[in-house]
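In the working numbering, the protein residues as written are 35 to 473. All C-beta atoms in this analysis are idealised placements derived from N, C-alpha and C, irrespective of residue type, glycine included. In what follows, a single structure is set out as structure tokens and then discussed.
This is the structure in structure tokens:
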């Protein structure tokens, strides 16, 4: 059951401040009142806004807008949940004199600097601990692989794994932390585990009275809502909340929904604030500067992921152990199909499905961008597999969030008939989602 947010909390809070830009090479001074920019605070008992000291003229992620959160975390002991996606664009953080420094030259080459490196090298922020989600802090571990605690080689900061048997930070692991930053790039899909990590981080912060600041990033799969809605009895780490597969929200908006729908244990509320993206529209195409996990190497894979991930609950490979992960599918049991590939161990797939066996299937790496979940490949593979009784595995139900999808495919329902059964849940979710939209 979804619960509406109180009307008083449905309008994002606004802030404004005067801008002063001084050119070093040109004697130009500009001072003007900035337009109001949105910063959202939800259930924060005291400070309800995050002040911005800049007037952004172009797109910025929440992490890019450093002036919105540096003052908040100054003189406090800071933890951060992040991985390789926690990047800041170099022109958001470097001033002109920095161009003479080697560090800036390095940043100019890559156009980005990691937020941990920035906080450690360019600020006086007391960054105490890094909390790493699935795939680890540097994002190189296989899906489902256990992540162990360690220390970041570049900064010497302790890294605490919040995956595997330790998905929720313990009170001991949070000891000494006053404020938590959260900067992970999500892909807008229920079974992508970063929103499950968000849930547990919010719950742990709420229980330990730690303020949480989320640095928002765009959803590369846009505003689309699609797929079956998760049924509570099939809750797992690849699906914790009663939402469709594609939710069409940013991770900041999703945090507001977690709080507002009282999904945390005992309906506890997290003191969470969002630093939103600036000059962002939902229709704006957004190409990720770095892959969000080892097996989502490019925009095509990210776009196909919501459709092809269902194959992870079958005996069909989605290309792990190749260079076209989530852009192809196939198995040794689809011999009527003409496209062939050979899965072999590589980064992010130490032991891929059908390792060393020729798989037959389809190459989808060149198809046009999707704006919905496509079931036609899943249905086709089921119909053409050699032994239908061995096609599905139990994990499929967790990915689908319901037993109905497997039953519908086995019963021979068409894609249109299956999609029609999703619509009531999708429409209900869209109404609730509207309450939490920032953009």
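Among the candidates the options, whose CA atom is the shortest distance from the CA of residue i?
| i | options | result |
| --- | --- | --- |
| residue 98 | 111, 118, 147 and 190 | 147 |
| residue 271 | 449, 331 and 429 | 429 |
| residue 297 | 233, 228 and 126 | 233 |
| residue 303 | 398, 417, 245 and 320 | 245 |
| residue 457 | 228, 262 and 205 | 262 |
| residue 100 | 120, 308, 126 and 117 | 126 |
| residue 281 | 266, 253, 308 and 268 | 253 |
| residue 348 | 331, 201, 416 and 269 | 416 |
| residue 435 | 269, 117 and 155 | 269 |
| residue 404 | 439, 331, 260 and 440 | 260 |
| residue 151 | 358, 121 and 327 | 121 |
| residue 299 | 354, 236 and 460 | 236 |
| residue 431 | 345, 249, 231 and 96 | 345 |
| residue 266 | 433, 103 and 372 | 433 |
| residue 325 | 414, 455 and 221 | 221 |
| residue 320 | 256, 351, 242 and 217 | 256 |
| residue 357 | 105, 330, 364 and 342 | 330 |
| residue 215 | 200, 258, 309 and 283 | 309 |
| residue 250 | 283, 462, 317 and 373 | 283 |
| residue 109 | 354, 188 and 211 | 211 |
| residue 1 | 200, 188, 258 and 307 | Shown here, the chain extends from 35 to 473; a query on residue 1 therefore has no answer. |
| residue 230 | 285, 247 and 213 | 285 |
| residue 118 | 426, 463, 406 and 327 | 327 |
| residue 466 | 157, 294 and 198 | 294 |
| residue 219 | 95, 451, 339 and 145 | 95 |
| residue 105 | 468, 153 and 123 | 153 |
| residue 102 | 424, 363, 311 and 364 | 311 |
| residue 158 | 107, 343 and 426 | 107 |
Please list the terminal residues of the continuous alpha helix (DSSP H) segment that includes residue i.
| i | result |
| --- | --- |
| residue 263 | Residue 263 -> no alpha helix (DSSP H), and no H or E assigned at all. |
| residue 337 | 333–342 |
| residue 463 | 449–468 |
| residue 374 | From DSSP, residue 374 is part of no alpha helix (DSSP H) but of the beta strand (DSSP E) over 373–375. |
| residue 293 | 285–294 |
| residue 351 | Where residue 351 is concerned, there is no enclosing alpha helix (DSSP H), given that its DSSP letter is neither H nor E. |
| residue 204 | First-last for residue 204: undefined, no H or E at that position. |
| residue 444 | 438–444 |
| residue 105 | 104–107 |
Provide the residue(s) that pair with residue i in DSSP beta bridges, ordered along the chain.
| i | result |
| --- | --- |
| residue 309 | 249 |
| residue 213 | 112 and 245 |
| residue 432 | Partner(s): none; residue 432 has no beta bridge. |
| residue 192 | 185 |
| residue 280 | 223 and 260 |
| residue 122 | 147 |
| residue 397 | 362 |
| residue 383 | 380 |
| residue 94 | 312 |
| residue 273 | 270 |
Please report the residue range of the beta strand (DSSP E) in which residue i lies.
| i | result |
| --- | --- |
| residue 111 | 111–116 |
| residue 362 | 362–365 |
| residue 163 | 160–166 |
| residue 314 | Counting along the chain, residue 314 falls outside any beta strand (DSSP E), and DSSP gives it neither H nor E. |
Given 8 Å, three or more beta-carbon pairs between the segment 362–378 and the segment 392–399: Between the segment 362–378 and the segment 392–399 there are three or more inter-stretch CB-CB distances shorter than 8 Å, so the stretches are counted as touching.
Validate contact between the segment 327–335 and the segment 268–287 using beta carbons, cut 8 Å, 3 pairs: Taking one beta carbon from each stretch, the segment 327–335 and the segment 268–287 have fewer than 3 pairs nearer than 8 Å; the two do not touch.
Cβ contact check for the segment 184–196 and the segment 159–175: 3 or more pairs under 8 Å: In short, these stretches touch, since the Cβ pair count reaches three.
Cβ pair count under 8 Å reaching 3, the segment 189–197 against the segment 158–167: Flag = yes, the segment 189–197 and the segment 158–167 touch.
Runs of alpha helix (DSSP H) wholly within the segment 404–432 (minimum 4 residues, chain order): Counting whole runs of 4 or more residues, the segment 404–432 contains the alpha helix (DSSP H) stretches 410–418.
Touching by the beta-carbon criterion (3+ pairs, under 8 Å), the segment 112–124 and the segment 279–290: No contact exists between the segment 112–124 and the segment 279–290.
Cβ pair count under 8 Å reaching 3, the segment 379–386 against the segment 435–448: Contact check between the segment 379–386 and the segment 435–448: fewer than three CB pairs, one atom from each, fall below 8 Å, which does not count as touching.
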